[in-house]
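Order-wise, the sequence lines are chains A, B and C. Here this note's numbering is used: position 170 in the first sequence is 386, and no number is missing along the way. Here this note's numbering is used: position 8 in the second sequence is 133, and no number is missing along the way. Here this note's numbering is used: position 15 in the third sequence is 673, and no number is missing along the way. Notes follow once the structure below has been shown.
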Amino acid sequence: MSIVAAVVPTDFTPPGTEDFWIPLIGEGAWAFTRASLLAVISVGLLWWWLHATTKKRALVPSKGQMTTEAVYTFVRNDIGRDLIGSKEFMRFVPFLFSLFVFILINNLFGVVPPFQNSTMGRIGFPAALTIIVFVMYHWLGIKKHGFMGYWKSLVPSGLPKPMVPMIFFLELITDLFTRPVTLALRLFGNMFAGHIMMLLFIGGGWYMLTNGGIVLPIAGGVTWIMAVVMTVFELVVEVLQAYVFTLLAALYIGGALADEH
Amino acid sequence: MTGNIAILGYGLSAIGPGIGVGLIFAAFINGVARQPEARGMLQPIAFLGFAIAEALAIFGLALAFVFRS
Amino acid sequence: MHALTFPAAGEGSGWGSAPPILPHPLELIFGLVTFAIFYWLFKKFIWPRLETVFDERAAAIEGGISRAEEAQAQAQAALHEYQAQLTQARAEASRIREDAKAQGAQIIAEMKQQAGVEAARLTETAQKQIEAERQQALVSLRGDVGRISTDLASRIVGESLHDETRQRGIVDRFLAELESGDIVREKVGAVEGEDA
């Protein structure tokens with residue numbers, strides 16, 4: 217470190233969790249943060265988009281309507297119908313579609329210029345969505361199998377007797393802990409880490425461009441090129457994470473509704 | 126040299142899931158390449174496996190933040 | 659190392675350095691509320707539109723399909739009819755051919771019969787003619803022979819046998835004998851021989 221330290225000025229502060237804390241109104245636990253504002257804006261934007269593109273209800277769709285319908289068809293058929301089953305998927309389609317587009321637009325805020333901050337990079341939002349999914353699939357499972365039947369259905373039938381308690385314990389942990397925690401943290405972690413990476417590349421690149429002699433600004437330029445690459449990568453990750461979250465939500469709902477767990 | 130050893134823990138916890146997720150998607154790609162019509166059936170299974178394998182790395186990430194000094 | 663503790667209220671920058679996996683209460687509430695509002699808006703207003711469009715399109719496509727099926731059925735029926743007609747026409751053609759063949763055979767048979775009849779008739783006529791001619795020749799021959807023989811006899815006998823009654827009587831008797839085969843060549847020959 218000492219060699220680098222000799223060349224590089226050490227007053228560079230790497231991006232950290234502080235960069236995600238942007239309170240707009242108020243302070244502390246009840247502060248209205250930038251992420252909350254973005255969530256509200258996202259609902260407005262989604263409403264405007266969906267309303268404008270489905271207003272005409274044309275049989276032969278325009279370009280905007282076609283896009284909306286393509287997204288809708290994707291969620292309806294490729295996520296809903298394939299994972300929940302063609303019998304019961306219809307009543308979950310609004311939920312899954314809302315989930316998908318809500319996550320997608322909030323993720324995309326991470327790279328789109330005026331927002332530049334992913335809502336889902338704050339754990340509160342993924343956690344809120346996960347709570348909804350968590351409550352929903354447990355409630356559906358209990359409603360379908362009965363309270364005791366639901367917990368019994370966690371263990372696959374035809375298992376040797378001594379194995380049952382262990383499998384039940386593992387399934388219980390999976391259902392009650394692993395699934396919701398990973399569901400929320402996957403989305404949060406990807407958005408959070410992606411944003412930190414971009415902050416690091418852009419901030420570090422800027423620091424290198426503005427400090428040092430000849431070599432450092434060149435490295436800074438390379439870093440900024442990398443930042444552009446990272447932005448494109450982020451775009452892919454954002455869409456993918458929205459898809460994965462919705463897919464897993466559908467999978468858990470489908471699993472709770474299935475006859476065999 | 127200063128830093129947080131919990132981050133090291135996250136690095137370690139990411140190795141296994143990294144390999145696991147790679148294996149899952151390798152198998153998925155193999156399967157789809159052999160039988161493209163089975164894609165719809167394999168995709169949820171692949172993503173479920175991916176989610177389960179990735180859980181460990183996510184726990185690592187979470188615990189890295191929990192135990193940071 | 660610090661555990662997962664919520665920053666104390668009133669601590670200004672506490673949330674900034676708090677562990678990022680601790681949900682900020684208001685953000686959690688905002689997440690729930692915004693999503694709930696959006697879900698309600700979508701389900702209430704947008705979803706019915708999307709589904710009606712889907713249903714209408716499906717109906718339109720199904721209508722198109724049913725129309726196409728109908729047209730296909732019609733085409734199929736037409737094809738069946740055409741084939742039936744073709745089969746019928748073929749059967750008729752073969753029947754006509756059979757008829758023609760049979761008729762031809764009949765005509766040939768008739769012609770054969772006619773020819774046979776004709777031939778028989780012709781033969782009969784010819785025979786009759788021959789018979790008539792023979793009869794005629796016989797009659798004329800009878801006359802001639804009578805005349806010649808009387809001439810000859812008169813010459814031989816030297817006596818005119820031209821006397822009508824006698825002549826006729828002799829000739830007739832002679833011829834009758836000749837016909838009945840009573841005349842014997844030997845006798846005449848013997849007479850002639852005697853004469854010679």
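Beta carbons are placed, not taken as given, at the ideal position from N, Cα and C, and that holds for glycine. Keep in mind that this is a model prediction, so the values were computed, not measured.
Got a sec: is the Cβ-Cβ distance from B:A158 to anything in chain A below 8 Å? Indexing the second sequence from 1 puts residue 158 of chain B at position 33. No - not a single Cβ of chain A is within 8 Å of the one on B:A158.
Inter-residue Cα distance where the pair is C:T745 and C:D757: As a first step, residue 745 of chain C must be located in the third sequence, where it is residue number 87. As a first step, residue 757 of chain C must be located in the third sequence, where it is residue number 99. Near 18 Å, if we compare the C-alpha coordinates of C:D757 and C:T745.
Using 10 angstroms around the beta-carbon of C:E835, count the other beta-carbons present and answer buried if the total reaches 16, otherwise exposed. To locate residue 835 of chain C, count along the third sequence from 1; it is residue 177. C:E835 comes out exposed.
With distances taken from CA atoms, which of A:L320, A:T269, A:M413 and A:A474 is nearest A:A443? Within the first sequence, the letter at position 227 stands for residue 443 of chain A. The residue with the shortest Cα to Cα distance from A:A443 is A:M413.
What are the residues in the region 174 to 187 of chain B lying within 7 Å of chain A by C-beta distance? Cβ contacts with chain A: A176, E179, A180, I183, L186 and A187.
Going residue by residue through the region 267 to 344 of chain A, where are the continuous alpha helix (DSSP H) segments of at least 4 residues, counting only ones entirely within it? Listed in chain order, they are 279 to 289 and 309 to 324.
What in chain A is Cβ-close to B:P169, meaning under 8 Å? The residue given as residue 169 of chain B occupies position 44 in the second sequence. Against B:P169, the close residues of chain A are D298, L299, L463 and L467, in the order they occur along the chain (beta-carbon pairs closer than 8 Å).
Amino acids of chain B, ordered along the chain, whose beta-carbon sits closer than 7 Å to that of C:P681: In the third sequence, the residue the question calls residue 681 of chain C occupies position 23. Result: empty, since nearest Cβ-Cβ is about 12 Å, beyond 7 Å.
Against chain B: residues of the region 389 to 409 of chain A by CB proximity under 7 Å: T394, T398, L401, R402 and G405
Spatial distance of A:H477 from A:D235 (CA atoms): For the purposes of this step, residue 477 of chain A is taken as residue 261 along the first sequence, with counting starting at 1. For the purposes of this step, residue 235 of chain A is taken as residue 19 along the first sequence, with counting starting at 1. In this prediction, A:H477 has a pLDDT of 49, which is less than 50 and means its spatial position is unreliable; what the coordinates show is noted afterwards. One C-alpha to the other measures close to 43 Å.
Going along the chain, which residues of its own chain have a beta-carbon closer than 8 Å to the beta-carbon of A:I238, five neighbours each way excluded? Working through the first sequence from its first residue, we reach residue 238 of chain A at position 22. So the qualifying residues of the chain are T249, R250, A251 and N333.
For a contact meaning CB atoms closer than 8 Å, what does A:W355 contact in chain C? If you number the first sequence from 1, residue 355 of chain A lands on position 139. Listed by position along chain C, the residues whose Cβ is nearer than 8 Å to that of A:W355 form an empty set, because the closest Cβ is around 16 Å away.
Does DSSP put A:I241 in a helix, in a strand, or in coil? Position 25 of the first sequence, counting from 1, holds the residue named residue 241 of chain A. Note: A:I241 maps to strand in three-state DSSP.
Spell out whether any CB of chain B is found under 8 Å from the CB atom of C:P706. Numbered from 1 along the third sequence, position 48 holds the residue referred to as residue 706 of chain C. By this cut-off, C:P706 is not an interface position.
Within-8 Å CB hit, A:V287 to chain B: Along the first sequence, read from residue 1 onward, the residue named residue 287 of chain A stands at position 71. No, its Cβ sits nowhere closer than 8 Å to a Cβ of chain B.
Curious, which full-length alpha helix (DSSP H) runs of at least 4 residues does the region 676 to 752 of chain C contain? Complete alpha helix (DSSP H) runs here, min 4: 683 to 699.
Boundaries of the alpha helix (DSSP H) in which B:E179 is found, first to last residue: Against the second sequence, residue 179 of chain B aligns to sequence position 54. Per DSSP, B:E179 belongs to the alpha helix (DSSP H) from R164 to V191.
Verify whether the separation of the beta carbon atoms of A:T335 and A:P396 is less than 8 Å. Translated into the one-based positions of the first sequence, residue 335 of chain A becomes position 119. Translated into the one-based positions of the first sequence, residue 396 of chain A becomes position 180. No, they are not a contact pair.
Starting from the C-beta of A:R292, find all residues in its chain whose C-beta is less than 6 Å away, skip the five residues before and the five after it, and write them out in chain order. Taking the first residue of the first sequence as 1, we reach residue 292 of chain A at position 76. Around A:R292: V309.
Can C:V803 be considered in contact with the ligand GDP, in the sense that its beta carbon sits closer than 7 Å to one or more heavy atoms? With respect to the ligand GDP, the structure offers nothing, as it holds no ligand at all.
For chain C, check one thing: does any of its Cβ atoms lie closer than 8 Å to the Cβ of A:T373? As a position in the first sequence, residue 373 of chain A is number 157, starting the count at 1. The sequence shown places Ser at residue 373 of chain A, rather than the Thr named in the question. No, A:S373 lies away from the interface with chain C (no Cβ there is under 8 Å from its Cβ).
From this set, A:L464, A:G244 and A:F311, which residue's C-alpha is nearest C:A694's C-alpha? Working through the third sequence from its first residue, we reach residue 694 of chain C at position 36. With distances taken between Cα atoms, C:A694 lies closest to A:F311.
Considering only C-alpha positions, which residue in the set B:G128, B:I130, B:G136 and B:G145 is nearest to B:L173? Your numbering for residue 173 of chain B matches position 48 in the second sequence. Of the candidates B:G128, B:I130, B:G136 and B:G145, the one whose C-alpha sits nearest the C-alpha of B:L173 is B:G145.
Reducing DSSP to helix, strand and coil, say where A:F248 ends up. The sequence position of residue 248 of chain A within the first sequence is 32, counting from 1. Three-state DSSP puts A:F248 in a strand.
Throw me the rounded Cβ distance for the A:L275 and C:R715 pair, which I believe falls under 8 Å. What you label residue 275 of chain A is simply residue 59 of the first sequence in a count that begins at 1. What you label residue 715 of chain C is simply residue 57 of the third sequence in a count that begins at 1. With a Cβ gap of about 6 Å, A:L275 and C:R715 count as contacting.
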